[in-house]
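Notes follow the structure.
Number of protein chains: 4
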Amino acid sequence: MRTKDEQKKEALFKATVKLVNEIGFAYSSVSKIAKEAGVSPSTLYVFFQNKEDLLISTYVNIKRAKGRAILSDFNDSLPIRDILRKVWRNTFAYISHNPDKYQFIEQFANSPYVGLVDQKALEKHYSPIIEVIQKGIEQKIIKKAERPYLVAFLFQPISYLANPRSCEGLELSAGDIDRAFDMAWDAIKR
Amino acid sequence: MRTKDEQKKEALFKATVKLVNEIGFAYSSVSKIAKEAGVSPSTLYVFFQNKEDLLISTYVNIKRAKGRAILSDFNDSLPIRDILRKVWRNTFAYISHNPDKYQFIEQFANSPYVGLVDQKALEKHYSPIIEVIQKGIEQKIIKKAERPYLVAFLFQPISYLANPRSCEGLELSAGDIDRAFDMAWDAIKR
Amino acid sequence: MRTKDEQKKEALFKATVKLVNEIGFAYSSVSKIAKEAGVSPSTLYVFFQNKEDLLISTYVNIKRAKGRAILSDFNDSLPIRDILRKVWRNTFAYISHNPDKYQFIEQFANSPYVGLVDQKALEKHYSPIIEVIQKGIEQKIIKKAERPYLVAFLFQPISYLANPRSCEGLELSAGDIDRAFDMAWDAIKR
Amino acid sequence: MRTKDEQKKEALFKATVKLVNEIGFAYSSVSKIAKEAGVSPSTLYVFFQNKEDLLISTYVNIKRAKGRAILSDFNDSLPIRDILRKVWRNTFAYISHNPDKYQFIEQFANSPYVGLVDQKALEKHYSPIIEVIQKGIEQKIIKKAERPYLVAFLFQPISYLANPRSCEGLELSAGDIDRAFDMAWDAIKR
DNA sequence: GATGAATGAGTGTTCATTCAT
DNA sequence: CATGAATGAACACTCATTCAT
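Protein chains in written order, with our numbering: chain G, 2 to 191; chain F, 2 to 191; chain V, 2 to 191; chain R, 2 to 191.
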């Protein structure tokens, strides 16, 4: 028997991201995705159970990779502000290197599909950040507020600033990114 | 009859919002929307050119209504902080009274459909806010930063906090909302 | 609006019978049936919920028509033997005039599809015959046996004799048919 | 190894019978049959040329086995009635021990597939019975009628009585079977 | 103005079969 | 010998839209 071609799976992920970004979930048909990936529509079913499985797998795949990228060189012993700034910078770095993947997960997260994903399991990949925030609260460096409020000000503005749909043409230099972080820090610091 | 017409159009808007939220753009077919609205699929074409027109009209319709709601009792002569807090409060009020409409525009704004809408024209409905921010910068009350940065911290967190998809079950009291505004204000104030 | 075209429904019934007889259930696809009937595959769904519904409707339709044909000029007051011979003759008449319809219901009745049909409801169309047999038993003209035994010898041989699959080329004259009935009568009479 | 081969072939026959009975020809795909048999779909093609070959082989296989079972302990020297009663009893015995195989050949025989089988060749397995009937006619014990008429009354009722699709729940004791034979004999005897 | 009938184009998916190992 | 990978063709069915009334 032949061996499964992982390149094809990768090509399918890539084609899914590209098409969903360009024409949306509604028009990203299985046959279009397969054609974009250079395989037969039926081959898609060798790698994924069905269309839903393909979409969810693509999403989970990217989310995990993003988590890993953001937490690379995570150093628990730095000051809290420095840790969060590092995360902030990594996030922008990831997004600028993978704008299409980022756009995909944003669109996915705002679609009914997201209800089919085990969010709890995915959040585990981001738990070190949550723990840092918690520590900041305990050390009275960060405002005593429920987690969603802090997450909202620490990470939500990124969705806007890095998204070409909302900020097309906005160039973000390293300085801009750090200054934006200062604003985020002002929002959450005590 | 005029009245009956408008009722049907309104029913179609409502059905569109409901179905798109529940099953997404991909599965919200014209016939399903028509059935939900209690009219024939062909009647839909009396009011809208095609499906795209229906979706875009629904989006623009809500966006405008939201703009009006947020800027109701807008008072130019108040202190800048008070004006923005009023806008902030109005935004949460609108969302809590129209969670489905809000969810629809969030999903729409994160889909390729949004590219078909004249964003510039829509933004006019929100220009008084932009002017207030501009005034704040000139009066050195607000940080001197490009507009997207300020918008990102002033309004983007709301998307997260008010969205049941990200913060399901989070109850926001009037006090919570004001404290969240304090964080936004800390981010943008000088 | 247009009015539903009953001719199309009739054409679909006819095409179903023809194709299923020629190539079997397995290869009688919706599109082939539609093409044979001269309508679009999607038009089929205007008249039937799905393929299953089409097949079952075709079966039930024929079964009812056959029941009516067999029981036409049913006369309760004749001697029992004459009544049953009339039914026997009518059955052969129906089959020879509708060999394709007959073949279809035979094939259907020997497929798993038959499990989806409410047999009890269908049998009502044949109840006068059952009652005659019952009367024959009571009058000690017919052997005292459970109903299936009598039905098996009265009607089952017809399936064989009239079926071109088993008796291709067998010509049945009026005399042949009556002689065959004599054999059936010998089997069940006291 | 020879043994292993035959086991797989046998498993494929068995799986074919089971699936075709349960879901019909239309839905009995090669891959489902292979999975049911515990082999790979491609292995199926080691034993059979294609799907058609598998189905026909299954049919012919069973038909032959049934012929052998029915004619076991065939004794030419017994009285004709006794010979036929023996065949009759053997047939019921075979069916009650192999209801699934029996159902398969009934369904197959009522499908267009049967046209692909060389019936003449198969009938040879049953020729001793035909000869007995012929002898009966010559000895003026059996009615002088063409063969199909006699076959129809001698064997067709069995299809009905033994088929769970038509006579679900009908229990046939040895006495019942013999009484049914008496009816068949009444039909064909002079 | 409003409708159900009708359809060509397209959907997601499974099929029988072949290929490479 | 036996297999899982791979696929073009076909499947049942739904789509957005138009037509006739």
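Ideal Cβ positions, reconstructed from N, Cα and C, are used throughout, including at glycine.
As the structure is a prediction and not an experimental result, all values here were calculated from the model.
Judged by DSSP in its simplified three-state form, I142 (chain V) adopts coil rather than helix or strand.
Take the alpha-carbon of G137 (chain F) and the one of I131 (chain F): they are about 10 Å apart. Between A185 (chain G) and P149 (chain G), the gap from beta carbon to beta carbon reaches 8 Å or more. Remark: three or more beta-carbon pairs, one from each stretch, lie closer than 8 Å, so the segment 19-27 of chain F and the segment 106-118 of chain G are flagged as touching. A direct Cα-to-Cα measurement between F48 (chain R) and T44 (chain G) gives close to 26 Å. Here Y95 (chain F) is near I71 (chain F), since their CB atoms are less than 8 Å apart.
Annotated three-state conformation of K190 (chain R) is strand, per DSSP. Here A146 (chain G) is not near R69 (chain F), since their CB atoms are 8 Å or more apart.
Taking 8 Å as the CB threshold, Y95 (chain F) stays off the interface with chain G. When secondary structure is reduced to three states using DSSP, E172 (chain R) falls in the coil class, being assigned neither helix nor strand. The segment 25-49 of chain G is shown to contain whole alpha helix (DSSP H) runs of 4 or more residues at 31-38, 42-48, in chain order.
Put simply, of F:L85, F:E172, F:G170, F:A163 the residue whose alpha carbon is nearest the alpha carbon of F93 (chain F) is F:A163. For the segment 48-103 of chain G, there is no continuous beta strand (DSSP E) assignment of 3+ residues that stays within its boundaries.
Using a CB distance below 8 Å, no part of the segment 60-93 of chain V faces chain R. Around V115 (chain R), the beta-carbon contacts reaching into chain V at under 7 Å are R166. With a cutoff of 8 Å on beta-carbon distance, V152 (chain G) and L85 (chain G) are scored as not near each other. Look at E107 (chain F): its C-beta is under 8 Å from a C-beta on chain G. The DSSP-derived three-state label of N111 (chain G) is coil. Within the model, the alpha-carbon separation for D119 (chain G) versus L117 (chain F) is close to 32 Å. Contact between I81 (chain V) and I142 (chain V) holds: their C-beta atoms lie close to 6 Å from each other, under 8 Å.
Assigned with DSSP and collapsed to three states, A163 (chain G) falls in coil, not helix or strand. Taking CB atoms only, F48 (chain G) has no neighbour in chain F less than 8 Å away. Within the model, the alpha-carbon separation for R90 (chain V) versus I189 (chain R) is close to 20 Å. In the structure shown, K5 (chain G) falls within a coil segment according to DSSP collapsed to helix, strand and coil. E124 (chain G): member of the alpha helix (DSSP H) spanning 120-124, first to last residue. L79 (chain V) counts as exposed, since fewer than 16 other beta carbons sit within 10 angstroms of its beta carbon. Close CB contacts of C168 (chain V) within its chain, under the 7 Å cut and outside five residues either way in sequence, are with Y161, L162 (chain order).
In terms of Cα proximity to R65 (chain R), the closest of R:D74, R:A38, R:Y127 is R:Y127.
From the beta-carbon of Q157 (chain F), the residues of chain G found nearer than 7 Å are Q157, P158, S160, Y161.
Put simply, the CB of N111 (chain G) is near chain F, with a gap under 8 Å to one of its CB atoms. In the assembly as shown, K121 (chain V) is an exposed residue. Its beta-carbon has fewer than 16 other beta-carbons within 10 Å.
The Cβ-Cβ distance between E37 (chain V) and L55 (chain V) does not fall below 8 Å. Per the C-alpha coordinates, the member of R:R166, R:N76, R:E139, R:T59 positioned closest to K15 (chain R) is R:T59.
In this structure, the beta-carbon distance from K5 (chain V) to V40 (chain V) does not fall below 8 Å.
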